[in-house]
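As you go down the protein sequences, you meet chains A and B in turn. Position in the first sequence (from 1) plus 28 gives the number in this note's numbering. Position in the second sequence (from 1) plus 28 gives the number in this note's numbering. Heads up: the structure comes next, in structure tokens.
Protein chains: 2
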Amino acid sequence: MKLGEGVEAAIHCAAMLAGVDGNSTISGAAMAEAFGLSPSYLLKHLNQLTTARILESVPGPAGGYRLARPAERITLLDIVLAVEGREPAFRCGEIRQRGPVKLDASAYVQPCGINVAMLKAERAYRAALAEAKLSDIVAAYQSDADPRSIAVNCAFVERHQRPQKVQPSPAQPSKA
Amino acid sequence: MKLGEGVEAAIHCAAMLAGVDGNSTISGAAMAEAFGLSPSYLLKHLNQLTTARILESVPGPAGGYRLARPAERITLLDIVLAVEGREPAFRCGEIRQRGPVKLDASAYVQPCGINVAMLKAERAYRAALAEAKLSDIVAAYQSDADPRSIAVNCAFVERHQRPQKVQPSPAQPSKA
DNA sequence: GTGGATTTACTCGGATATATTATGTCCGAGTCTAGAGGG
DNA sequence: CCCTCTAGACTCGGACATAATATATCCGAGTAAATCCAC
């Protein structure tokens with residue numbers, strides 16, 4: 029029951045990317061510097077977010093990452109699932125069937141009550157994360173955080189964001 | 029974001045122990061056999077439950093484990109925390125302070141909003157687990173499960189439970 | 001036959017290997033930019 | 001002076017080591033029961 033550090037990094041990066049102008053991008057190296065992380069390792073997690081269609085990556089010089097959709101439509105659940113995987117934390121191994129007495133499969137049509145209870149709790153967890161939109165995180169930061177911190181972060185974004193020419197994915201042109 | 033298999037084993041064992049008569053016990057080896065688990069490894073988790081005061085262990089021949097308190101007062105949260113540890117799954121590394129720009133500590137008196145959101149979700153998770161009493165699990169099993177499964181499990185308990193002479197911990201006689 | 005000391009067998013508990021996962025690092029494919037050369 | 005071609009540098013992406021954790025195992029300490037012996 030431990031989440032990897034990548035989750036924290038991914039959310040912070042997404043929050044930073046929510047503050048860029050238009051379709052500008054920020055390079056992974058810049059974000060790694062901003063949070064004191066290993067650049068190569070952060071790329072791994074950013075890549076997971078890109079695969080999950082949460083971020084978009086622009087290659088080449090002046091490239092980087094940007095949000096694939098508005099921050100209002102990105103939740104913490106999206107990010108957590110992208111980084112940690114979509115499988116539930118509790119995996120029922122059906123050990124109730126592993127005993128010495130072999131019973132017919134029809135005796136186990138009812139789902140394991142323990143699994144039901146654990147998955148119910150996990151649904152509550154995911155529901156709470158689904159309520160937390162990235163835009164809410166950013167808004168709360170803008171209103172509650174220390175002005176010095178906000179100034180520093182905005183300056184960092186201003187300094188490292190790089191405008192792009194193409195539009196930010198006009199409804200997936202040549203995907204499927 | 030994955031729970032160890034020990035959680036599943038621990039809950040199943042606790043549920044089985046909820047079905048014993050009076051202060052009787054069941055040995056760890058018997059429960060390992062019932063669920064097809066490695067006896068030595070299951071002992072590790074049962075030991076965690078004992079340390080957490082959820083189970084009581086009786087050494088010597090005819091010894092074993094029993095619940096330390098009624099099943100109505102044991103929740104899935106108790107078991108999960110005992111096995112997986114009490115620390116929250118999301119650990120804020122305060123990477124917002126790890127950037128190149130060193131700000132005064134007074135700029136970070138406000139807690140990290142991301143941490144707040146993650147911990148809120150985790151509180152929802154734990155609240156749901158705290159609602160699930162072990163007695164509820166057992167009751168749901170008794171009413172919903174297949175009669176053959178119930179018969180087999182009751183027979184197993186009847187065959188492996190062993191009466192004890194001493195009373196089940198009369199308010200902790202010589203603890204502190 | 002009975003009481004007690006002793007041996008015995010069974011239990012849990014912790015210390016010790018192994019497998020799996022998470023973490024961290026490195027190198028290669030791709031792409032846009034900048035500059036040199038020719039028209 | 002302008003256009004084109006080429007070389008370069010910077011980006012992300014995936015393949016490769018290392019560290020931490022979870023899993024599995026083994027051996028020892030402790031205890032209650034059963035046994036054996038003396039009375």
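Beta carbons are placed, not taken as given, at the ideal position from N, Cα and C, and that holds for glycine.
Neighbouring residues, chain A, relative to residue i (Cβ below 8 Å)
i: residue 177 of chain B; result: 124, 131, 135 and 136
i: residue 182 of chain B; result: Near residue 182 of chain B there are no residues of chain A at all, since even the closest Cβ is about 12 Å away, more than 8 Å.
i: residue 61 of chain B; result: 127 and 128
i: residue 172 of chain B; result: 138 and 141
i: residue 152 of chain B; result: 152, 153, 155 and 156
i: residue 100 of chain B; result: Those within 8 Å of residue 100 of chain B in chain A number zero; the least Cβ separation is about 15 Å.
Residue environment, residue i, which counts as buried when at least 16 other CB atoms sit within 10 Å
i: residue 100 of chain B; result: exposed
i: residue 115 of chain A; result: exposed
i: residue 161 of chain A; result: buried
i: residue 138 of chain B; result: exposed
i: residue 182 of chain B; result: exposed
i: residue 48 of chain A; result: buried
i: residue 103 of chain A; result: buried
i: residue 34 of chain B; result: buried
i: residue 56 of chain B; result: buried
i: residue 141 of chain A; result: buried
i: residue 92 of chain A; result: buried
i: residue 79 of chain A; result: exposed
i: residue 117 of chain A; result: buried
i: residue 60 of chain A; result: buried
i: residue 58 of chain A; result: buried
i: residue 145 of chain A; result: buried
i: residue 37 of chain B; result: buried
i: residue 156 of chain A; result: buried
i: residue 90 of chain B; result: exposed
i: residue 201 of chain A; result: Caution applies to residue 201 of chain A, whose pLDDT of 39 falls short of 50 and renders its modelled position unreliable; the model cannot decide the point.
i: residue 110 of chain A; result: buried
i: residue 179 of chain A; result: exposed
i: residue 88 of chain A; result: exposed
Proximal residues of chain A, C-beta to C-beta of residue i below 7 Å
i: residue 157 of chain B; result: 149
i: residue 188 of chain B; result: Going along chain A, no residue has its Cβ under 7 Å from residue 188 of chain B, so there is no contact; the nearest lies around 11 Å.
i: residue 30 of chain B; result: 117
i: residue 39 of chain B; result: 142
i: residue 93 of chain B; result: What residue 93 of chain B touches in chain A: nothing, since even the nearest Cβ is about 17 Å away.
i: residue 46 of chain B; result: In chain order: nothing, as chain A lies at least about 12 Å away.
In DSSP terms, what residue i is bridged to
i: residue 54 of chain B; result: B/93
i: residue 187 of chain A; result: Paired residue(s): none; residue 187 of chain A is not in a bridge.
Beta-carbon neighbours of residue i, restricted to chain B and to distances below 7 Å
i: residue 67 of chain A; result: The contacting residues do not exist; residue 67 of chain A stays about 13 Å from chain B at best.
i: residue 112 of chain A; result: 29
i: residue 165 of chain A; result: 141, 142 and 145
Contact set between residue i and chain B, taken where Cβ atoms lie within less than 9 Å
i: residue 64 of chain A; result: 123, 125, 126, 127 and 128
i: residue 104 of chain A; result: 142, 145, 146 and 149
i: residue 57 of chain A; result: Here the premise fails: no neighbours, minimum Cβ distance about 12 Å.
i: residue 96 of chain A; result: Those do not exist, as residue 96 of chain A stays about 20 Å from chain B at its closest Cβ, beyond 9 Å.
Neighbouring residues, chain A, relative to residue i (Cβ below 9 Å)
i: residue 33 of chain B; result: 119, 121 and 123
i: residue 168 of chain B; result: 141, 144 and 145
Interface residues of chain B facing residue i [CB-CB closer than 8 Å]
i: residue 84 of chain A; result: The contacting residues do not exist; residue 84 of chain A stays about 22 Å from chain B at best.
> Counting Cβ pairs closer than 8 Å, one from the segment 175 to 195 of chain A and one from the segment 64 to 79 of chain A, do we hit at least three?
Replying inline: no
> Curious, which full-length alpha helix (DSSP H) runs of at least 4 residues does the segment 134 to 168 of chain B contain?
Replying inline: 141 to 159
>> With a threshold of 8 Å, are at least 3 pairs of Cβ atoms found where one atom belongs to the segment 168 to 180 of chain A and the other to the segment 123 to 131 of chain A?
In response: no
> In chain order, which continuous runs of the alpha helix (DSSP H) of length 4 or greater are located wholly inside the segment 72 to 119 of chain A?
Replying inline: Counting whole runs of 4 or more residues, the segment 72 to 119 of chain A contains the alpha helix (DSSP H) stretches 104 to 112.
> Given 8 Å as the limit, is there contact between the segment 38 to 57 of chain B and the segment 98 to 115 of chain B, that is, 3 or more CB pairs closer than that?
Replying inline: yes
> Counting Cβ pairs closer than 8 Å, one from the segment 135 to 149 of chain A and one from the segment 127 to 144 of chain B, do we hit at least three?
Replying inline: They do not touch, by the three-pair rule.
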